[in-house]
Structure formats: structure tokens, C-alpha cells
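Trainee: Supplied in C-alpha cells, the structure appears directly below.
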DNA sequence: CTGTAGACTATCGTCGACG
DNA sequence: GCGTCGACGATAGTCTACA
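Chains as they are written, first to last, in UniProt numbering: chain F, 1 to 77; chain E, 1 to 77.
This is the structure we're talking about:
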């Protein structure tokens, strides 16, 4: 499984746990709603700055998101 | 200080600790040498996939690099 | 509330060359 | 071994609109 797909799945999971809509997350992180949609479906690869912007609104450390992604990535490869 | 500048400084630090040249790192991570140079000087923002590619050749976890960056980022902001 | 599509701008990342 | 420059193709990220 590719890094961006894993990232997208985890982003969605974390967002839903926070009970935020894509719209809310987009508004708060100053990104576009359709872009959040693309990210969650693994159609885009976020830059480091984008990861920081998202993490800040999800009450999670950027490194923690990356840690989760890398853990899953190692298992599936 | 911006995220990309902090990232660049830490990338350079880690690379030098490994005693790798930009050329070597570029070759191994399948990126361009001039791009490594741009990254280290904070002129580019790496995507998540790029961070994974670099970390893999630096014997460090991607999340660990991000953790270092975010620690410095919090201090300086 | 989310997915998709298309058109668009900005930036990532490559490449060759020079100092 | 590195910084820089210019040109370039690829993709990140925006925006409007519709289902």
C-alpha cells in the first residue's frame, strides 16, 4: 500500500474521531474542502507544511500522524 | 522560523552526521542533487513521500525527523 | 456532508550547465 | 562537493458547480 493511501485513511480516521466534517477541517486548516477529500482518498501527497496545518486542527502532533503511517507502511511492505 | 527552513537545517545536520554528500544522498534516495540543496536551504517544501525517501537513506524514521522539526518549531513560535 | 470534474495557479522536483 | 540559474514537466492545492 502506498504512503499517500495510508495517510489518507488515517487522516479520515482521526478526523472522524474528532467528529469534524471535511468542511470544518478545511475551514480551520485553511485548505480547500475538495482537497481534503482528495487527500483522504489517497489522490494527493501532502507537503510537510500541509501535514502541520492539518495536525494542528486535529489535536495531534504531526510526528504522531507520520509515526502511525510509517508503522502501517512497514507492515504492508 | 518557518517549517521548511527548520526541516532544511535538520536535514543537513543529519546528512552530515552520516558523512554523506548531497550527491550520495540524492543518488540513493532517487532525488536530484540540486533539489537536496534547495531543501537544505529551506527553498522547497518536501511532500510526505519525499520525507520517507530521504529518511530511509539516513537510517532514521520519518516520524523522528518530523518530531525534531516540530519540537524546534514550537520553541521558535 | 462528500465525491467528482474541469480549469486554473502555484509550487514540487528534474535536468544541464557554470563557477 | 556545493550554490545557483533558467527552463521545464509533473503535481500540489484552489475554486465553481453539480449530483
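Ideal placement from N, C-alpha and C gives every residue a C-beta, glycine not left out.
Any residues in the UniProt domain "HTH cro/C1-type" (11-65) of chain F with a beta carbon nearer than 7 Å to a beta carbon of chain E? Which ones, in chain order?
Mentor: Within the UniProt domain "HTH cro/C1-type" (11-65) of chain F, the qualifying residues are 45, 46, 47, 48, 49, 51, 52, 61, 62, 63.
Trainee: Do residue 22/E and residue 36/E have their CB atoms nearer than 7 Å?
Mentor: In the second chain, the residue the question calls residue 22/E occupies position 22. In the second chain, the residue the question calls residue 36/E occupies position 36. Yes.
Trainee: By a C-beta neighbour count over all protein chains shown, 10 Å radius and 16 as the cutoff for buried, is residue 50/F buried or exposed?
Mentor: For the purposes of this step, residue 50/F is taken as the residue at position 50 of the first chain. Counting Cβ neighbours within 10 Å, residue 50/F comes out buried, since at least 16 surround it.
Trainee: Excluding five sequence neighbours on each side, which residues of the same chain lie with their C-beta closer than 7 Å to the C-beta of residue 52/F?
Mentor: Within the first chain, the letter at position 52 stands for residue 52/F. The residues are 62.
Trainee: Against residue 72/E, what residues of chain F qualify as contacts under a CB-to-CB distance less than 8 Å, listed in chain order?
Mentor: Here residue 72/E refers to the residue found at position 72 of the second chain. Simply none; closest approach about 12 Å.
Trainee: Just curious, the alpha helix (DSSP H) that residue 68/F is in, first and last residue?
Mentor: Within the first chain, numbered from 1, the residue matching residue 68/F stands at position 68. Where residue 68/F is concerned, the enclosing alpha helix (DSSP H) stretches over 62-75.
Trainee: Starting from the Cα of residue 29/F, find the closest Cα among 70/F, 59/F, 8/F, 67/F and give me that residue.
Mentor: For the purposes of this step, residue 29/F is taken as residue 29 along the first chain, with counting starting at 1. Checked all of 70/F, 59/F, 8/F, 67/F; the closest Cα to residue 29/F is 59/F.
Trainee: Within the 7 Å Cβ cut-off, does residue 3/F reach chain E?
Mentor: What you label residue 3/F is simply residue 3 of the first chain in a count that begins at 1. Closer than 7 Å to some Cβ of chain E, the Cβ of residue 3/F qualifies, so yes.
Trainee: Taking the alpha carbon of residue 13/E as the point to measure from, which residue in 47/E, 45/E, 27/E, 55/E has its own alpha carbon closest?
Mentor: Counted from its first residue, the second chain places residue 13/E at position 13. Cα-wise, what sits closest to residue 13/E is 55/E.
Trainee: Measuring only the C-alpha atoms, how far is residue 57/E from residue 70/F?
Mentor: Position 57 of the second chain, counted from the first residue, corresponds to residue 57/E. Position 70 of the first chain, counted from the first residue, corresponds to residue 70/F. Looking at the two C-alpha atoms, the distance is approximately 15 Å.
Trainee: Starting from the C-beta of residue 15/F, find all residues in its chain whose C-beta is less than 7 Å away, skip the five residues before and the five after it, and write them out in chain order.
Mentor: Along the first chain, one-based indexing puts residue 15/F at 15. Closer than 7 Å at the Cβ level, and outside the excluded window around residue 15/F, lie 25, 58.
Trainee: Which word fits residue 17/E, buried or exposed, when buried means at least 16 other C-beta atoms lie within 10 angstroms of its C-beta?
Mentor: Translated into positions along the second chain, residue 17/E becomes position 17. It counts as exposed.
Trainee: In angstroms with no decimal places, state the Cα-to-Cα distance between residue 41/F and residue 32/E.
Mentor: Working through the first chain from its first residue, we reach residue 41/F at position 41. Working through the second chain from its first residue, we reach residue 32/E at position 32. Computed Cα separation, rounded: 28 Å.
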